[in-house]
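Heads up: the structure comes next, in structure tokens.
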Amino acid sequence: MGILRKANVWFWILALAAGMGFLGYRIAVPSGAQQRTPPPSPGITVTVYEVQPRVWEIWRSFYGTVRSAQVQRVNSHTREVIEDVAVEVGDTVKKGDLLISLASQSQAAVLSARQAAYEDAKARYESLQKLYQAGGTSKQELDRANVQLKDESAKLRDARTTVSRTQIRSALNGVVVRRSAEKGEFAEPGRELLAVADFDRREVEMLISPTIRGLIIPGMDVLVKAPWGGETTGKIFRMDPEADTATGFFRAIVRLPSDCKLIPGDYVRMDVRMAYRENAIAVPYESILREDGKPYVFVVSGDEASRRDVAAGDGSGGYVEVLEGLAPGERVVKTGAGSLYEGARLVISNGTLRKPGQGPDAENNDSTGSSGGK
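Positions 1 to 374 (UniProt numbering) are the ones given, in order, by the sequence shown.
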């Protein structure tokens with residue numbers, strides 16, 4: 001009797017536990033959910049680029065500062081007082097125009113003395129010539145007089161040159177760009193008083209890496225732009241035959257046209273077209289993938305991705321030239337190429353891919369059966 005009662009108690013305990021377990025299962029998993037299977041994925045969402053022939057250009061940029069091809073740095077050869085400065089910074093001058101007048105009294109006195117000494121030496125030489133012809137003097141005496149005459153003539157030329165230098169004139173057509181002289185000051189030898197720059201001949205120095213030296217030659221066009229908007233087209237005038245020992249770079253000079261608005265001191269960017277080809281094939285950078293260093297792309301084949309090996313050239317402006325492997329009209333995967341594999345199903349988007357938290361309806365609105373690209 002006791003055994004039967006214990007069995008009955010255990011029976012109800014097990015029945016209650018089974019009932020509670022079943023109830024918990026029904027609450028946690030709605031009816032029929034265990035039979036549901038997820039719908040098949042429509043594919044990997046990508047954007048594509050349609051390959052079309054295009055003009056292919058490669059530009060390389062350099063930077064430098066505009067300067068004058070010739071600058072006259074005006075200074076004095078003697079220590080003299082500045083009597084007058086005839087120009088201001090910004091004045092336009094012509095070759096031969098007076099720039100600075102120095103005191104000339106002392107130099108004029110020296111010139112007068114040299115002129116008198118020369119006249120005396122000349123008169124003595126002419127007198128001895130007559131005596132020599134008459135037999136009244138020796139050949140040695142006449143030669144000494146001739147040497148003295150030449151010496152005084154040289155001193156007279158030097159004195160005239162010194163006097164002429166008290167009137168300092170422009171050696172070129174240009175613009176006064178610096179002035180550090182005032183009336184009444186002393187002009188010391190070697191001290192810069194003025195600077196005149198030739199604005200008709202302006203240039204920019206370009207430093208060229210040895211890796212591209214052979215691609216840049218004199219005569220090439222250079223597009224020169226300043227940050228404030230000024231621009232012009234110059235030409236490579238010359239290039240140094242050897243690299244700078246300190247930097248390892250080659251120096252090229254870009255000559256600017258005389259009518260350009262760029263002036264010395266303007267910081268500019270110089271763009272040189274290194275390559276130009278028509279009917280070239282190029283694809284966006286992100287379309288090019290690499291495996292073991294070998295480039296490949298994914299081409300759209302129906303609604304699947306097909307891997308295609310290509311020969312890639314140089315890149316420029318966000319694109320890479322494709323030398324072999326693609327034909328005009330083909331569509332290559334742009335965004336999303338890194339997630340693909342051979343035969344992967346594709347959902348082509350117009351460029352707006354699903355964002356985190358965005359529902360599937362929004363993606364369906366963005367998806368299209370046509371290609372993207374330029």
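Don't be surprised by glycine CBs; every beta carbon is placed ideally from N, CA and C.
These numbers come from a predicted model, not from an experiment.
Looking at the structure shown, is residue i part of a helix, part of a strand, or coil, going by DSSP?
i      : result
Met20  : helix
Arg201 : coil
Glu192 : strand
Ala327 : coil
Leu256 : strand
Ala344 : coil
Arg79  : coil
Asn350 : coil
Ala121 : helix
Leu289 : strand
Ile208 : strand
Thr335 : coil
Residue range of the beta strand (DSSP E) that residue i falls in?
i           : result
Val297      : Lys294 to Ser301
Trp59       : Arg54 to Ser68
Phe237      : Glu231 to Met239
Asp221      : Asp221 to Lys225
Thr45       : Ile44 to Val46
Tyr276      : Tyr267 to Ala280
Arg178      : Gly174 to Arg179
Gly315      : Ala311 to Ser316
residue 388 : Residue 388 lies beyond the stretch modelled for the chain, which goes from 1 to 374, so this question has no answer here.
Ile168      : Gln167 to Arg169
Assuming residue i contacts residue j under a Cβ cut-off of 8 Å, what Cβ separation, rounded to an integer in Å, is found between them?
i      : j      : result
Lys334 : Thr47  : 5 Å
Met274 : Val222 : Incorrect: roughly 11 Å between the Cβ atoms, too far for contact.
Thr232 : Pro257 : 6 Å
Lys294 : Asp309 : 7 Å
Gly329 : Val51  : 7 Å
Arg114 : Leu156 : 5 Å
Gly230 : Asp266 : 7 Å
Within this structure, are the beta carbons of residue i and residue j separated by less than 7 Å?
i      : j      : result
Asn75  : Glu192 : yes
Phe250 : Ile217 : no
Leu340 : Asp303 : no
Ala312 : Val320 : yes
Gln70  : Asp198 : yes
Ala171 : Leu102 : no
Ser349 : Thr45  : yes
Arg202 : Ser68  : yes
Using the rule of at least 16 other Cβ atoms within 10 Å of the residue's Cβ for burial, across every protein chain shown, is residue i buried or exposed?
i      : result
Ile13  : exposed
Ala33  : For Ala33, the predicted model reports a pLDDT of 46, less than 50, meaning its position is unreliable and no value from the coordinates is stated.
Ile212 : exposed
Met20  : exposed
Thr166 : buried
Gln72  : buried
Pro284 : buried
Gly90  : exposed
Ala154 : exposed
Val55  : exposed
Nearest chain D C-beta to residue i closer than 7 Å, yes or no?
i     : result
Ser61 : No chain D appears in the structure shown, which is made up of a single protein chain.
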